[in-house]
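There are 2 protein chains.
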Amino acid sequence: MKTDPVRLARAYLLRVAEPPAPSLVALINEEGPVRAAELVRRGAVAEETAARCHLDLAEQDLARADARGARLLTPEDPDWPGWQLLSLRAARTRGVPGMVEPIALWFKGSMPLNELVDRAVAVVGARAATGYGDHVANEFGFGLAERQVAVVSGAAYGVDGAAHRGALAAGWTTLAVLGCGVDVGYPVRHTDLLQRIAEHGAVVSEYPPGTPPARHRFLVRNRLIAALGAGTVVVEAGRRSGARNTASTAHSLGKPVMAVPGPITSAMSVGCHDLLRSGVAAPVCSVDEVVEAIGRIGTDLAPREPGPQRPTDGLDPVVLRVHEALNTGLGLSPDQVSVESGVPLDRVRAALPQLELAGLAVRKDTGWCAALGRMGTSSSSRCGGA
Amino acid sequence: MKTDPVRLARAYLLRVAEPPAPSLVALINEEGPVRAAELVRRGAVAEETAARCHLDLAEQDLARADARGARLLTPEDPDWPGWQLLSLRAARTRGVPGMVEPIALWFKGSMPLNELVDRAVAVVGARAATGYGDHVANEFGFGLAERQVAVVSGAAYGVDGAAHRGALAAGWTTLAVLGCGVDVGYPVRHTDLLQRIAEHGAVVSEYPPGTPPARHRFLVRNRLIAALGAGTVVVEAGRRSGARNTASTAHSLGKPVMAVPGPITSAMSVGCHDLLRSGVAAPVCSVDEVVEAIGRIGTDLAPREPGPQRPTDGLDPVVLRVHEALNTGLGLSPDQVSVESGVPLDRVRAALPQLELAGLAVRKDTGWCAALGRMGTSSSSRCGGA
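Which chain is which? The protein sequence lines are S and Y, in order.
Going by this note's numbering, 265 is the number at position 242 of the first sequence; the sequence numbering is gapless.
Going by this note's numbering, 51 is the number at position 28 of the second sequence; the sequence numbering is gapless.
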């Protein structure tokens, strides 16, 4: 079976250039992938391709991917997430450096990528997450999954892993974007997790099979996480966490950035608080608030939780003052209530029966006393004299 | 010794009206306190004064205060904090209801109130503070005191008390504003604390000696806390905490409102996060950030904490890629480094000696290897072959 020349060309170009490769991508956009590959072989965009243009490993990479259950996903495929990745091109047009769309993606997964990211949010954070960060990431992953929102993240220890596990626990899809080959199994103790993610969602990478992880690759990869989510949530981040890089990228892509507040005594929340203080991120405290931020106006509004109700809720302020004056522990005459509360006598006389009806006052032999109201134990009163 | 008639008039008016008494205060502003007191005795502003206008306890209240080491502080006194309280009148002029300046203040303290609040910040929060809230309030009280900023707060358990104790521990002044008489000793377990506050700062109240606490009085009192601080910090607040009332009052007075982020899993941080989400408050994570928010531009800027330094900081991104490529655990030739990193060979040849000088690369028999750099243990290398 002869492989499609476009697919071969893109596999070759992914191997040749270290992303982001703005000049190469510009060449591909102009000339098409097949012609661009030819030009690169002849020495075009040397700065980005000279070091590796002799590496013609396209067939081998495709075969290796196939052997590992992976495949190449290209912009020509129907499941290419073109809409989400368009945000990169738009930002580049606005002059944001490094915002280069991927030439193609190595893909290992169980559902079409464009469907997976149709409703997705990036959940990122520190590798050295605290118990709090792990807990929140896991809860958010689970809660987003319950609302049929996919998680997009890396595959690091800490927040990334906890968010994925939350989504998997809820039986929903999740997406890991790697800074190494999809077959590399990094980090080591996440090999099984990556397998589970691929089975229930997808694992993708720009880097050809076998590419080892490197710090700059994680940073470059972050732009894909930011682009593939409708927004980015930073759960925990130290002062120099890579998650802050993802957050600022999402911000420059014009997507909502959210940060989870945490204890100011925790070094792992410093990055979140910096994002909040600088105005890059809005605070989010619940999954509903995340969904509201990325959602369509009017359809995904977070419910406003009411506070605890008190029996005195809704009372006129003057009636409330009358009620407070009854809390002396003694029975009072209306005159005494008037002086105590500073409320004129005629209004006290009107308020007392109203409070009695609400179960908030009782008339005893010694005079008027406060009661706890219909929502409390309405029979008990605060009248010491009774 | 005959008491000043102005002082007597104000003492009488404080006893007669339950604050805030906007019509009475308007009358005082128009007619002066002595004439206003006469008019009230004859039935003026009946809605606000009818219930108590017969209570002519001015002499007794002044004597009772004197016996408890307190006195009446009036707008005619040189230590009246007129500048701070002006914010109430300004807000009332803008149509904010309830923003009424006090007729006078019962004062028990050791330093002039105007000096005490010259540089002061309100630190407020939940009575049912968590260990985290207590810790932060105490640290903030201490840290503000170290920067010669006085704390203004209530006297409740939880955040109020912790903030005062922090300030006292640092040997600075602090101010408690009460919702009961300055002699009432409420809450009971804070009687000693209130005595310490009076000895090292001041305890003030609009309410005459002996006035019992009441919920509406705490809410009315909150406007004074908000007005007397240059800004308000909410350390912890439940969904219905009174501290939120102080925060929104400070906001309507046009003063900076700050909220301390906390764990989103804590019910005692819900109020703070609501204030952050609604945009009423800005997040603060340190005393320096509080001082910056209330301070004079340019003189009180919080120091920006640098993150931890890495030996690779400041490297050109391309040089950094070359450095990352050395992390294979094997010695590499410049050609191999070029392919690994995707950086053209000539630039690899320029970068390697640069990395060697920085202690980040070593040339061994097997080829080039990464080293940890001058800031780490520069002698160790990550070259498996050496």
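Ideal Cβ positions, reconstructed from N, Cα and C, are used throughout, including at glycine.
Quantities reported herein were computed from a predicted structural model and do not represent experimental measurements.
- For Thr197/S, there is no enclosing alpha helix (DSSP H); the enclosing beta strand (DSSP E) covers residues Thr197 to Val200.
- Using a Cβ-Cβ cut-off of 8 Å, Glu229/Y is close to nothing in chain S; its nearest Cβ partner there is about 12 Å away.
- Under the criterion of beta carbons closer than 8 Å, Phe130/Y and Arg94/Y qualify as touching, at roughly 6 Å.
- Judged by DSSP secondary structure, Arg94/Y falls within the beta strand (DSSP E) whose first and last residues are Arg94 to Leu96.
- For Cys295/S, the enclosing alpha helix (DSSP H) stretches over residues Val293 to Ser301.
- Scanning the segment 213-253 of chain S for uninterrupted alpha helix (DSSP H) segments of 4 residues or longer gives 214-223 and 238-251, listed from N- to C-terminal end.
- Bounds of the alpha helix (DSSP H) holding Ala113/S are Gly105 to Thr116.
- Residue pairing of Cys308/S in beta bridges, as defined by DSSP: absent, with no partner found.
- From the listed residues Pro235/S, Val48/S, Val29/S and Arg244/S, the smallest Cα separation to Thr72/S is found for Val48/S.
- Residue environment analysis places Thr26/Y among the exposed positions, since fewer than 16 neighbouring C-beta atoms fall within 10 angstroms of its C-beta.
- Here Val123/Y really is in contact with Arg115/Y; their C-beta atoms are around 6 Å apart, less than 8 Å.
- At a cut-off of 8 Å, the C-beta of Gly382/Y has no neighbouring C-beta in chain S.
- Interface with chain S (8 Å Cβ-Cβ cutoff): Val119/Y is excluded.
- Between the alpha carbons of Cys308/Y and Pro306/S lies a gap of roughly 14 Å.
- A Cβ-Cβ separation of about 15 Å leaves Glu229/Y out of contact with Arg344/S under the 8 Å criterion.
- Considering only beta carbons, the part of the segment 36-64 of chain S lying closer than 7 Å to chain Y consists of Ala40 and Glu41, in chain order.
- Proximity of Ile126/S to chain Y, defined by a Cβ-Cβ separation below 8 Å, is not satisfied.
- When DSSP states are grouped into helix, strand and coil, Thr335/S belongs to the coil group.
- Here Val211/S is exposed: its Cβ has fewer than 16 other Cβ atoms, across all protein chains shown, within 10 Å.
- Interface criterion not met: the Cβ of Pro357/S is under 8 Å from no Cβ in chain Y.
- Here Lys278/S is not bridged, per DSSP, to any residue.
- About 55 Å separates the beta carbon of Glu138/S from that of Arg238/Y, a gap too long to meet the 8 Å contact definition.
- Bounds of any beta strand (DSSP E) do not take in Ser356/S, whose DSSP letter is neither H nor E.
- As the crow flies, the alpha-carbon of Arg65/Y is around 18 Å from that of Pro45/Y.
- The C-beta distance from Val146/S to Val256/S rounds to 5 Å, short enough to fall under 8 Å.
- Among the residues facing chain Y, Ala237/S is included, as its CB has a counterpart in that chain under 8 Å away.
- Residues of the same chain with a CB within less than 6 Å of the CB of Val119/Y, apart from the 5 flanking positions on each side, are Ser275 in chain order.
- Taking the Cα positions, Ala127/Y is about 17 Å away from Leu78/Y.
- Per DSSP, the unbroken beta strand (DSSP E) holding Gly390/Y starts and ends at Gly390 to Ala393.
- Not one beta carbon of chain Y lies nearer than 8 Å to the beta carbon of His213/S.
- The closest CA to that of Ala90/S, considering only Val205/S, Gln377/S and Asp358/S, is found on Val205/S.
- Each residue's CA atom was taken as its position, placing Ala179/S and Arg150/S some 6 Å apart.
- DSSP places Val256/S within a strand segment (E or B) once states are collapsed to three.
- In this structure, Ala225/Y and Leu136/Y form a Cβ contact; the two beta carbons are roughly 6 Å apart against a cut-off of 8 Å.
- By the C-beta density criterion, Leu50/Y is buried, having at least 16 other C-beta atoms within 10 angstroms.
- Around the beta carbon of Leu109/S, a 10 Å sphere encloses fewer than 16 other beta carbons of the protein chains shown; the residue is thus reported as exposed.
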